[in-house]
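> Residue numbers (UniProt numbering): 1 to 183. Right, I'll just put the structure down here and ask away after.
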């Protein structure tokens with residue numbers, strides 16, 4: 001699959017090519033942009049590592065919570081089979097075991113919350129990167145249209161992108177509003 005189209009030294013890049021961090025073409029003053037992109041990639045890598053670590057922590061906390069539930073259930077079974085145990089001591093053991101189980105389950109939820117926060121951060125970063133890619137695509141389109149206009153070449157008819165709530169949306173309105181039963 002070709003990533004670009006070239007006609008008389010006039011390049012246009014596909015969306016896949018625009019998504020790559022380091023394109024083969026370069027505008028003036030883009031060195032700072034490349035540095036920012038590298039820093040963004042480093043941040044994204046750190047975020048991925050944090051997410052992977054958090055998923056490991058979730059696995060460990062789920063294992064610990066399961067062990068605590070098992071320990072609590074085992075104590076209850078022992079209490080049922082051993083009639084001779086001191087009821088006060090048994091009550092303390094059961095209460096402590098219940099507390100420990102709940103603490104372990106809280107750790108699972110806290111770990112999952114941390115994962116969700118990291119996922120939200122990752123999605124926010126993805127939106128920012130996508131907006132930068134859209135900026136580059138708009139620059140490319142503007143450059144090509146300007147080139148055609150200056151050289152008095154035929155400018156192809158371009159269908160306007162439909163808008164939803166004032167925001168350009170490439171998805172046809174009938175698809176967007178189908179579930180809402182608006183159309």
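No residue lacks a Cβ here, since even glycine has one placed at the ideal position from N, Cα and C.
Mapping the DSSP letters down to three states, classify residue 11 as helix, strand or coil.
Residue 11 falls in the strand class under three-state DSSP.
> For my contact list, residue 85 and residue 79 are in at a C-beta cut-off of 8 Å; report their separation, rounded to the angstrom.
The Cβ separation is near 7 Å, so the contact holds.
> Hey, out of 152, 46, 144, whose CA is closest to residue 158's CA?
Looking at the Cα atoms, 144 is the closest of the given residues.
> Shorter than 7 Å, the distance from the beta carbon of residue 132 to the closest heavy atom of the ligand MN, or not?
In the structure on display, the ligand MN does not appear, and there are no ligands present to speak of.
> Cα separation between residue 109 and residue 141?
Approximately 47 Å between the Cα atoms of the pair.
> Grouping DSSP H, G and I as helix and E and B as strand, with all else coil, what is residue 168?
Strand.
> How long is the line joining the alpha carbons of residue 189 and residue 54, rounded to whole angstroms?
Outside the displayed span of the chain (1 to 183) sits residue 189, for which this structure offers no information.
> Within this structure, are the beta carbons of residue 112 and residue 58 separated by less than 8 Å?
Yes. Within cutoff.
> Could you check what DSSP says for residue 54 in three-state terms: helix, strand or coil?
Helix, per DSSP.
> Is the beta carbon of residue 51 less than 8 Å from the beta carbon of residue 118?
Cβ atoms of residue 51 and residue 118: closer than 8 Å.
> Can you give the Cα-Cα distance for residue 16 and residue 160, rounded to whole angstroms?
Approximately 22 Å, taken between the alpha carbons.
> Taking the alpha-carbon positions, what's the residue 24 to residue 11 distance?
Because the pLDDT of residue 24 is 41, which lies under 50, any placement of that residue in the model is unreliable, and the number read from its coordinates should be weighed accordingly. For residue 24 and residue 11, the distance between alpha carbons rounds to 11 Å.
> Could you compute how far the alpha carbon of residue 105 sits from the alpha carbon of residue 129?
Rounded to whole angstroms, residue 105 to residue 129 spans 36 Å at the Cα level.
> Roughly how far, in whole angstroms, is the beta-carbon of residue 101 from the beta-carbon of residue 72, given that I think they are within contact range, below 8 Å?
Right, their Cβ atoms sit about 5 Å apart.
> Can you tell me where the alpha helix (DSSP H) holding residue 125 begins and where it ends?
Residue 125 -> alpha helix (DSSP H) spans 87-150.
> Is DSSP giving residue 45 helix, strand or coil here?
Note: residue 45 maps to helix in three-state DSSP.
> Short of 8 Å in beta carbon distance, which residues of its chain neighbour residue 62, apart from the five on each side in sequence? Order them along the chain.
Cβ neighbours of residue 62 beyond the five flanking positions: 108.
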